[in-house]
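Number of protein chains: 2
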Amino acid sequence: MTKRPTIHDVASLAGVSKSLVALVFKQDSGVSEARRERVLAAAAELGYTPNAWASALRSNNTGFVGIIVADLHNPIFTEIADEARQTLAAKGVFSFVATASILDTPNGRVLDPAPIQHLLDLKPGSLLIVGGLPDLQPFSSLQASIPIVVALTSATTLPGAVSIRSDDRAAMAEITAHLSGLGHSTVAYIGPSGRTVMDDRRRAFEEAAADSGLRFVWVSTGGDTDEAAGRQAATEALALTVKPTAMVCFNDNIAFGAQDAVARLQPPRQVAVTGYDNTYIAGFERISLTTVDQDRSHIVRQACNLLTDAAAFEAARGSALLVAPTLVVRGSSVKLTN
Amino acid sequence: MTKRPTIHDVASLAGVSKSLVALVFKQDSGVSEARRERVLAAAAELGYTPNAWASALRSNNTGFVGIIVADLHNPIFTEIADEARQTLAAKGVFSFVATASILDTPNGRVLDPAPIQHLLDLKPGSLLIVGGLPDLQPFSSLQASIPIVVALTSATTLPGAVSIRSDDRAAMAEITAHLSGLGHSTVAYIGPSGRTVMDDRRRAFEEAAADSGLRFVWVSTGGDTDEAAGRQAATEALALTVKPTAMVCFNDNIAFGAQDAVARLQPPRQVAVTGYDNTYIAGFERISLTTVDQDRSHIVRQACNLLTDAAAFEAARGSALLVAPTLVVRGSSVKLTN
DNA sequence: TTGTATGCGTTATCAA
DNA sequence: TTGATAACGCATACAA
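Which chain is which? The protein sequence lines are P and U, in order. In terms of the numbering used here, the numbers along the first sequence are unbroken and rise by one, the last being 338. In terms of the numbering used here, the numbers along the second sequence are unbroken and rise by one, the last being 1338.
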C-alpha cells in the first residue's frame, strides 16, 4: 500500500517546515511566492490532500456541514439532503451526510447514538437534521456552540435550533377545501402519532376538516410512516361502517399504501387519496397522487443560508420558519360519485 | 457548551492513568476487576464515549466499514446501503455511509474526489461501494490494503476488489422468454451506455433477444438512469415507425418513466414494460411493474460477510460473484393484443 | 516571512 | 498489572 502523503512529506520534498505547508493550504497571504510555488509543486507531485479530520481534531472547527438524514426510505429526506449537499458544494462548503439509525428496543424506538456521535466527533461547523428523529438529546449540548437547522419538522426540544418546515395548517386547509369542493363529506386521516410533526399535522387536519364541515376519523399507523403501514391502516379505514370517501395521508409513502388498499377493494370503489411531500413518485402518471408540495428548493436554500451565515443564524435562532406549501392536484383526488 | 469528556477526564476521575482507561475500552483482559469497575463507573458518570476518529488517527485502523452510495435517487442503492448498515450493526460492526457526488464537467461526468477522500481519511477497515461510479481511481491505491466490495456492478478497473451483482444474462433470458411467451415480437431496450453494468446489461439483453427470436432496437438514455431520461427515451421508442409492443428497461427508475410515456400515448395503446431492481415502488398496485429481483438480502449478506471476514475476502479477492436473479411478473407485462 | 514547540484524543511501546 | 512517553496529521502561538 502506498501511504497517503502527509504535510510532512510535502515539507521535506519542498525543503521547508511543516508549518509553512500548513500556511500555504490555509491562507492566501503570509507566504512568499517562491516558497508557495515550491510547496504547491511538491504537493502536486505527491498528490497530497490535507486530512480534514486530523485538522479538525486540532482546530476544533472544520467548517464542514454535517447532514443527518432521519430515514433513507423516504425520498423527500434523501432529496433534501442531496440538494443541500449540492447547494453547499456550489458555495464551496463541504458537507458530510450521515444516516440516523433507529433501534427497536423494548422501550420503543430509540435513536442509536453511535452514528450521530461519530458525526459529531468530526466536529462539524454546523448541522442540518433532515426529518424527525425520536430523540434530539444528543444535540442538546451542542446547540449553544454551533448552528443547528432542522428541516421538515420542528425542534421543540432544541430551543437553540432553527426549524424550517411547511405550514401544515395552510396545507390542510387547502386539502379539506379541495375535497369538500369535490363533494366529499366523510374523510379518514391516515397517519402516525407520537412526535411533533406527526401530531401537529394531524391536529392541523382535524381543525381544517372541522372548519370545512367534514366528518372525519383518524386511523393511526402507529409510529410508522411507510407504505406498508399506510396500506394496513387504510385497509382498516375502508372497512369502517361509516365508509370514508377520501383519505388524507400524513405523507406520500403512506398515501401510496392507501392507494394500494383502494386498488384492492372488492368490489371496486373509488376513494380519493391525498399525500404530503410531492415526492417524485407522486408525479408518475400511474400514481398521480394529489399531494402537498413543500417547496423543497426554498427550504434547502434557506437552510443552507443559515448554515453558512453565522449572523443570519443568530438572527433566526430559536425560530420556526414556515414555508408556504402548494397543493398539487392530480388524479388521485377524484370527485365524489354515487 | 459542555465539552465532551475525554479519556483524560475519565482517568483523573477514576484516579488512574489514561493508558489504563484505553485498555479497559479495548480489551477484556489485562486489567484488574477493581480498576476496571472504577474506570467504567467514572466513564458512565461522565458519559464518556471514545472518539473513534482520534483513535483512527493513531492506530491507522478503526475497523469500521465505509459505505459509499453512488446515487441517493435510486431506491435500490439506499435500500442496499441501509440493509448493509443494519446487518453490520447486528454483528457489532459500525459503518459510516457517505454519498458520492458526481460533477458535471465539460469532459463529462466526473467523480468528485472530495467526499470519497474524506471518507478514506477516516481510515475504514473495509469498503462497500454500492452502485456504479464514473471512476474507481480514488480506490486503486487502497485495494491492496483493505477489502473492497462493489455491489450491483462490476469493478473491472479494480482487480483487487470483489464485485457482487446479479446475473444479467440469466435475467434477460427470463425477460425475453417471458415477453415472447406473451406474443411480443418487437421489443425496445431503454437504457444508458458508457459504464460496465450499463453496457453489459444491454448486451445481455441483445443476446437473449436474438436467442428468443425477437426483433429489437435500443433507444439510449445517454448516461442517465432516472425516470426523466426513461420517459424521454421511451417516448422516442414509441414513435418509431416499427412500433415496439414491449419495452425492456435498464432499471426500475427508467421503467417508471417508460410507463409514463405509455400512459400518455394518444390514442391509448397497450405496451408491456419491464424493469430491473424490484424496488419497493415496483410493487405498488398502480405501478405493478414486472421486474427483476436482485435478491437484495443475499447480496447484502454476502457483502457483509466479505467485509468483516478477512480470510473470506482473501479467498474471493478479484472475483465477480453472480447472484441468481428472479423475474417478478406483475401487471405491466401485458399480453400482446391486436 | 519562516521555523520551533506544543497539543487535539487516542493508541502503542516500553519500563516499572 | 500499571504508568510514562511518544506519535498519528495537523494547527497555532510564539520565537526567530
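Backbone N, C-alpha and C fix where the C-beta goes; we use that ideal spot for every residue, glycine too.
| Asked | Found |
| --- | --- |
| Stretch-stretch touch, CB-based, cutoff 8 Å, three pairs: the region 1253-1263 of chain U with the region 1273-1281 of chain U | yes |
| Given TYR189/P as reference, the closest of PHE205/P, LEU158/P, ASP309/P once Cα atoms are compared | PHE205/P |
| Unbroken beta strand (DSSP E) run spanning GLY108/P, endpoints | 108-111 |
| Endpoints, the alpha helix (DSSP H) within which ILE1175/U is located | 1168-1181 |
| Option in LEU1088/U, VAL1248/U, CYS1249/U, SER1319/U with minimal Cα separation from GLY1066/U | LEU1088/U |
| Neighbour list for SER1346/U in chain P, Cβ cutoff strictly below 8 Å | For residue 1346/U there is no data in the structure shown, the boundaries of chain U being 1001 and 1338. |
| Segment contact flag, the region 1030-1041 of chain U with the region 317-336 of chain P, C-beta cutoff 8 Å, min 3 pairs | no |
| Local Cβ density within 10 Å of ASP168/P, reported as buried at 16 or more and exposed below that | buried |
| Where the region 99-118 of chain P meets chain U: residues whose CB sits under 9 Å from a CB there | THR99, SER101, LEU103, ASP112, PRO113, ALA114, PRO115, GLN117, HIS118 |
| Chain P residues whose Cβ lies nearer than 8 Å to that of ARG1259/U | Strictly speaking, residue 1259/U in this sequence is Gln, with Arg absent from that position. Per Cβ cutoff of 8 Å: PHE284, GLU285, ARG286. |
| Contact belief for ALA177/P with SER141/P at Cβ below 8 Å, rounded distance in angstroms | Contact doesn't hold; Cβ gap of about 44 Å is too wide. |
| Nearest-angstrom Cα separation, counted from PRO115/P out to ARG1165/U | 28 Å |
| Cα-Cα separation between MET387/P and ASP135/P, rounded to whole angstroms | The structure shown does not extend to residue 387/P, since chain P is modelled only from 1 to 338, so the question has no answer here. |
| Nearest neighbour of PRO1147/U, chosen from VAL1334/U, ALA1209/U, PHE1313/U [CA to CA] | PHE1313/U |
| CA-to-CA distance, LEU120/P to ARG215/P, given in whole angstroms | 47 Å |
| Residue-level contact to chain P via CB, PHE1256/U, 7 Å cutoff | yes |
| Sequence ranges, beta strand (DSSP E) only - wholly within the region 1220-1304 of chain U, length at least 3 | 1246-1249, 1272-1274, 1291-1293 |
| Contacts of PHE1096/U in chain P (Cβ-Cβ under 8 Å) | ALA98, PRO115, HIS118 |
| Span separating the alpha-carbon of ARG1004/U from that of SER1319/U | 44 Å |
| Cβ-Cβ distance between PHE1077/U and GLY1131/U below 7 Å | yes |
| CB contact below 7 Å: ALA1052/U versus chain P | yes |
| Interface partners of ARG85/P on chain U, CB under 8 Å | THR1099, SER1101 |
| For PHE391/P, the three-state DSSP class (helix, strand or coil) | Absent from the structure is residue 391/P, since the part of chain P shown begins at 1 and ends at 338. |
| 7 Å Cβ cutoff, ALA1263/U in contact with chain P | yes |
| LEU321/P (DSSP reduced to helix, strand or coil) | strand |
| Residue range of the beta strand (DSSP E) that includes LEU1013/U | Careful: LEU1013/U lies outside any beta strand (DSSP E), inside the alpha helix (DSSP H) at 1007-1014. |
| SER373/P in three-state terms, based on DSSP | Shown here, chain P extends from 1 to 338; a query on residue 373/P therefore has no answer. |
| Buried versus exposed, by CB contacts within 10 Å (16 or more), ASN61/P | exposed |
| Alpha-carbon spacing of VAL1271/U relative to ALA1208/U, whole angstroms | 20 Å |
| Span of the alpha helix (DSSP H), counted from its first residue to its last, around ALA1315/U | 1310-1316 |
| THR1225/U: contacting residues in chain P (beta-carbon distance under 7 Å) | Chain P residues near THR1225/U: none, gap ~14 Å exceeds 7 Å. |
| Same chain, Cβ closer than 8 Å to LEU103/P, neighbours up to 5 away in sequence not counted | ARG109, VAL110, LEU111, ASP112 |
| Minimum Cβ-Cβ distance from THR1235/U to chain P less than 7 Å | no |
| C-alpha distance - MET1/P paired with GLN1143/U, whole-angstrom precision | Unreliable placement is indicated for MET1/P, whose pLDDT of 48 sits below 50; no coordinate value is reported for it. |
| Whole-angstrom C-beta distance between LEU57/P and ALA1054/U, which should lie under 8 Å | 6 Å |
| Residue-level contact to chain U via CB, THR49/P, 7 Å cutoff | yes |
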